[in-house]
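In the numbering used here, the protein residues as written are 17 to 292. First up is the structure itself, then whatever we jot down about it.
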Ligand code: ZN
């Protein structure tokens, strides 16, 4: 380690912003040693768990006190939130849902040429914490089809899964990309009594598996973790919203934004991970 510059002790993902800040503090304020060290993190190859466990040590000169910041705290403080800023198209009755699904289906690229449409995909349902209580049905299906269009299909007020929506989400040429997406489809299958073996086999893509293949890692990625690692942005995982009541109609603006942000991240991650 001797002779290594301070900057080189940091893995790539810490970001230059922070490095610069430390260097400025170090040289301008005092002669004490300012150290940011992330053990076990080999440069350029960092996994989610390394990030969580790695401690960055920062000795603040001005206070003569030793503060320990976790690497993820350092990264979080300088990271921007990922927010979807395009149109959020919210439907809550079967007729509107059907029209929208038919519209999306009409945009499908030419199947004859083997072209497929990749979309960010996720579902939400109210989490029940009571022991023994039955799990709620999927309340919302979210789909981001482009960087400026997110569809939220609110199933709770519809009571059922409209045929056109089923056709859309089961379509062979629409590749649904999400985190732990197979589990989402198994749940849809249980909740609505439909077979999902085929769709899981043919047209879903798990972003966690894709990331592990690309990054040569073996992580159990969360959407936020993968977004931080790959896109260098964070998701606003507000617990009140995440664990809120997704059955309530209409969804609040915060719920809509949260739901759209998730699938937007999925689409960006899919685009990013499939490059090259
Ligand atoms: Zn979600």
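Cβ coordinates follow ideal geometry from the N, Cα and C atoms, glycine included.
- C-alpha of residue 167 to C-alpha of residue 128: approximately 26 Å in a straight line.
- Residue 137: not part of any alpha helix (DSSP H); member of the beta strand (DSSP E) spanning 133-140, first to last residue.
- Ranked by how close their Cα comes to the Cα of residue 161, the residues 185, 146, 144 have 185 in first place.
- Beyond the five residues adjoining it in sequence on each side, residue 202 comes within less than 8 Å, by CB distance, of 212, 216 in the same chain, given in chain order.
- With a cutoff of 7 Å, residue 138 counts as near ligand 1, since its C-beta is closer than that to a heavy atom of the ligand.
- With a cutoff of 8 Å on beta-carbon distance, residue 275 and residue 158 are scored as near each other.
- In this structure residue 195 is not in contact with residue 156, their Cβ atoms being roughly 16 Å apart against a cut-off of 8 Å.
- For residue 193, the enclosing beta strand (DSSP E) covers residues 190-194.
- For residue 135, the closest C-alpha among the options 219, 254, 107, 92 is that of 219.
- Three or more pairs of CB atoms, one per stretch, sit closer than 8 Å, so the stretch 250-265 contacts the stretch 87-106.
- The stretch 116-133 makes no contact with the stretch 258-275; the number of CB pairs closer than 8 Å stays below 3.
- Burial is judged here by how many other beta carbons sit within 10 angstroms of a residue's own beta carbon; residue 287 has fewer than 16 and is exposed.
- Judged by DSSP in its simplified three-state form, residue 163 adopts coil rather than helix or strand.
- Judged by DSSP in its simplified three-state form, residue 268 adopts coil rather than helix or strand.
- Cβ-Cβ separation between residue 227 and residue 242: approximately 6 Å, consistent with a contact (criterion under 8 Å).
- Shortest gap from the CB of residue 278 to any heavy atom of ligand 1: under 7 Å.
- Relative to the Cα of residue 111, the nearest Cα in the group 89, 171, 142 belongs to 171.
- Restricting attention to 208, 132, 178, the CA atom closest to the CA of residue 187 is found in 132.
- DSSP places residue 220 in the uninterrupted beta strand (DSSP E) bounded by 220-222.
- Rounded to whole angstroms, the separation of the alpha carbons of residue 235 and residue 245 is 12 Å.
- In this structure, the CA atom of residue 106 is about 46 Å from the CA atom of residue 83.
- Take residue 109, set aside five residues on each side of it, and the residues of its chain with a beta-carbon closer than 8 Å to its own are 173, 174, in chain order.
- For the 8 Å CB-CB criterion, residue 163 and residue 152 do not form a contact.
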